[in-house]
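Written out below as structure tokens is the structure these notes cover.
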Amino acid sequence: MKPLQEAVGSYLAKGRAWFHMPGHKGRGDGAFAEILPWDVTEVDGCDSLFHADGPIDLLEQAFSRVYGTRRTLLCAGGATLCIQTMLALACGTGRKLVISRNIHRSAINACALLGLEPVWVYPEQDAGDWFLGRYSPEAVGQALAAHPDAAAVYLTSPDYFGVMSDLTGIAEACRDYGVPLLADNAHGAHLPFLPEQYGCLHPIACGAALCGDSLHKTMPAMTGAALLQIGEERFAGDAKRMMSMFGSTSPSYPIMLSCERALGYAQKGAKEGFARTTTRLDALRILAQQHGFALPQGVTDPARLTLGFGALGWPEQAFGDYIRAHGIEPEYISGSACVFLANGMNSDEDFARLEAAVRGIKPRGNPDPVRPVLPHPVRVMGVREAAFAPQEQVPVGQALGRVAAAEASPCPPGIPVVMGGERIGPAELESLRLYGVKTVNVVR
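Going by the working numbering, the first residue of the sequence shown is number 100, and it counts up by one from there.
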């Protein structure tokens, strides 16, 4: 069942002259020759994303059945648009929001636009762990108890490194206080298709009211393809209208068609593909530990391999050169860790290269002494006030006592040391220097 592809294909088969957008008129050469004809707009029979009552509506219904949601909305604006929509739906404007410190910058930007006041929850910290990002139900419950006027709880799980929080327990805490749980699941669109042994991991299955899935990150879809997943009926009626307030009025049909392709994979092939993938990655994790890499502890995304090369004394540039010399391009390299994303689209040759790289690694020196350190800065102005205030960029050495105008992270997507509106004190300055941050934006 490919309702959108059939609708666009039917339109193309009519051979009509394009006296409508887009300006390329469906004609291109080279790599674009086959793509541009499918890049249509809301023409007769092809439906309209924000007023769907045809093939797009059918596609959304099919996604909802696959993910077990109350409703699923197609999104051609990435998880960023899903995040903006979730926060607007659940919080409106000018409310408090209990929110994890490891949020994506799109979430803090949405807080600024909506005038939301963040109540920060910090991750669990273990002196022996190289990776932060796990949030406990107890910490969320304490924040809700201290701020009973909070409109919602917003968490990122899994995070960029694959660390996952106990969303089932956090959802229970949210129900105890009568607030919805919103999840940034940008890195977890594949979670329902993992082998059963890994348990219930997708936010909606764990009790979240809303979550945003980036299909393009872990499923076979084009960049920008995403889904807004709705777990509670009360948010379904207004979701399209709210999404249209932030989204483009010209959503990409190629991106939406790629969502349909990802749906086909989800319906047939995804479970087998991720079974093979997780078997390979589980074996690689064992091998990596044997060779001295640090790995995230506790519950992590089984389809993501994160290797802490700092434990082997490798600097960032050298490890990047080493991996690329093995014919591999990773998702991300930080100062001490490297992230590899895998799914059923990866070939046996891909995994053979990765295994050879892991197997061939040798300690290079003393382990990197840098461990994640998160100070708790003092907020002196609102996120919105800081975002729209006159600001300037200064060297970190000149930032002591200044108020951050925007988040400053150790190589995003690291957890921000300071957020907009927070004062940069001695502890914050030391952390920024430790992580190699050179400049920060501050309020004038």
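Just so it is clear, CB atoms sit at the ideal spot from N, CA and C, and this is done for glycine as well.
Query, Result
"Unbroken beta strand (DSSP E) run spanning residue 430, endpoints", "Note, residue 430: premise wrong, no beta strand (DSSP E); not H, not E."
"Supposed close pair residue 503, residue 518 - CB separation, criterion 8 Å", "7 Å"
"Three-state secondary structure (DSSP) of residue 230", "coil"
"Of the residues 393, 479 and 357, the one placed nearest residue 437, counting alpha carbons only", "393"
"Residue environment, residue 100, which counts as buried when at least 16 other CB atoms sit within 10 Å", "exposed"
"Per-residue burial, residue 439 [other beta carbons within 10 Å of its own, 16 or more giving buried]", "buried"
"Member of 192, 365 and 260 whose CA lies at the smallest distance from the CA of residue 315", "365"
"Residues near residue 90 in its chain [Cβ-Cβ closer than 6 Å; skip 5 each side]", "Because the chain is modelled from 100 through 543, residue 90 falls outside the range shown and cannot be assessed."
"Same chain, Cβ closer than 6 Å to residue 374, five either side skipped, listed in chain order", "294"
"Stretch pair the region 342-349 + the region 172-187: three plus CB contacts closer than 8 Å", "yes"
"Three-way DSSP call (helix, strand, coil) for residue 540 in this model", "strand"
"Alpha carbon of residue 203 to alpha carbon of residue 466, nearest angstrom", "29 Å"
"Closest by C-alpha distance to residue 104, when choosing among 353, 477 and 530", "353"
"Three-pair Cβ contact test at 8 Å for the region 397-413 versus the region 380-389", "yes"
"Beta-ladder partner(s) of residue 121, from DSSP", "Per DSSP, none; premise fails for residue 121."
"Terminal residues of the alpha helix (DSSP H) in which residue 302 lies", "302-305"
"Residues near residue 211 in its chain [Cβ-Cβ closer than 6 Å; skip 5 each side]", "482, 483 and 486"
"Backbone CA spacing between residue 196 and residue 426 [nearest angstrom]", "44 Å"
"Pick from 474, 520 and 157 that is closest to residue 488, judged by C-alpha positions", "520"
"Among 525, 529, 376 and 261, the one whose alpha carbon lies nearest that of residue 512", "261"
"Whole-angstrom C-beta distance between residue 282 and residue 320, which should lie under 8 Å", "In fact, because the Cβ distance is near 19 Å, the residues do not count as touching under 8 Å."
"Residue 313 - partner residues in DSSP beta bridges", "325"
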